[in-house]
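Residue 1315 is where the sequence shown starts when you use our numbering, and the numbers rise one by one after that.
Ideal Cβ placement from N, Cα and C applies to all residues, glycine included.
Model, not experiment: these values are computed from the prediction.
Structure, as structure tokens:
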Amino acid sequence: MAETKVEDGAVNEIEYDCRDAITDGIIDLIKPSVIEVDDRVRTVRESQLELRQQIDSLAEELRIISEQQKPTVDLETYVKKLNNSRRKVMLVNNILQNVQDRLNKLYNNVSKETARRKATLDPAKPK
1315 MAETKVEDGA
1325 VNEIEYDCRD
1335 AITDGIIDLI
1345 KPSVIEVDDR
1355 VRTVRESQLE
1365 LRQQIDSLAE
1375 ELRIISEQQK
1385 PTVDLETYVK
1395 KLNNSRRKVM
1405 LVNNILQNVQ
1415 DRLNKLYNNV
1425 SKETARRKAT
1435 LDPAKPK
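Structure below.
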């Protein structure tokens, strides 16, 4: 039985050596890939940080530019121009209305005067 224990111990030692060899082989196989992935993750994180800083910088520059420049379209001046034009159109409309009223009165007066003169020139015609 003593031999069995020694053999069992030797078998166990061989199993452990075998496991250690397999483990070391797997680690040696995977380690370069893990290191490469770790390096790439670090590189991506650094580039994302740099990109975020550039975006923040660009946003700040755009904010400064927009504050320094006037808006491309100043609507207030156009609104004022439209209101002035509307007032002018209303004024012209009032003038035209007054002219039309005067022309109507003049036409009525001319019609009355023409009828009166006809009546004076042609007294023989009965009405």
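Asked, Found
"Rounded C-alpha distance that separates Q1368 from L1376", "12 angstroms"
"Spatial distance of D1331 from D1338 (CA atoms)", "10 angstroms"
"Inter-residue Cα distance where the pair is V1424 and V1413", "16 angstroms"
"Euclidean distance between Cα positions of T1357 and L1396", "59 angstroms"
"Beta carbon proximity, R1377 to chain D, threshold 7 angstroms", "Judged by its chain identifiers, the structure shown contains no chain D, having just a single protein chain."
"Three-state secondary structure (DSSP) of Q1383", "coil"
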